[in-house]
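Chemist: In our numbering, the protein residues as written are 61 to 188.
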Amino acid sequence: MIQPGQILIVDDEPSLLKMMSIYLARLGYAVVAAVNAEQALEAVKTQPGGFAVAVLDASLASNGLDDLATQMLMVTPRLCVIAASGYPVDMTLLEAAAPGRVTFLHKPFSPEMLAAAVRRMLATQEEV
C-alpha cells in the first residue's frame, strides 16, 4: 500500500539506515535516506512539503533533535516526526513545535514497530 508523501529516514548508523529503508520500501512507502542532518535538511528543502514523516535519530552528532526537527518543520509545517533513540529523550520542545505529530521509538526496535509508528503518524497527518 502506497501512502501519500514520502518517508525521510535520518540515521548515522549505515546498517540501521539501510534496514529501515529496505523494510519501509518493501511495504510500499517511498523512502529517502540521509546519513546526517545536513543531507536531511537538503532533502527537505529540495522537496518542500514532499515528506509526510521523518524518522530522526535523536542522537545525531552534528545536530540536536530539536534543532533539526524545527528546521524541517519550518519548510514542511505538517511533517510528522518519529524520534528514535536508545536513550531517554526530552520531547517537550518537539511536541510543542508539532503538537500531536510527534512520537518516540526506543532503539532497538523491530521493523514491525517502525512500520506501526509510521502508520500512526500518517494517520495523524491525515487528521491535521
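Virtual Cβ for every residue (Gly too), placed ideally from N, Cα, C.
Quick check: what's the CA-CA separation for Leu84 versus Val135?
Modeler: Near 24 Å, if we compare the C-alpha coordinates of Val135 and Leu84.
Chemist: What beta strand (DSSP E) runs, 3 residues minimum, are completely inside the segment 97-167?
Modeler: As far as the segment 97-167 is concerned, its whole beta strand (DSSP E) runs of at least 3 residues are 111-117, 140-145, 162-166.
Chemist: Is Ile62 helix, strand or coil by DSSP?
Modeler: In this predicted model, Ile62 has a pLDDT of only 37, less than 50, meaning its place in the structure is not dependable enough to derive any value.
Chemist: Using the Cβ count rule (16 or more neighbours within 10 Å means buried), how would you classify Gly109?
Modeler: Under this definition Gly109 is an exposed residue.
Chemist: Where Leu76 and Val104 are concerned, what is the direct C-alpha to C-alpha distance, given to the nearest angstrom?
Modeler: Straight-line Cα distance between these residues: approximately 21 Å.
Chemist: Under a Cβ-count criterion, where at least 16 other Cβ atoms within 10 Å of its own Cβ denotes burial, should Ala114 be classed as buried or exposed?
Modeler: Buried: at least 16 other Cβ atoms inside 10 Å.
Chemist: Mapping the DSSP letters down to three states, classify Val95 as helix, strand or coil.
Modeler: Here Val95 sits in coil by DSSP.
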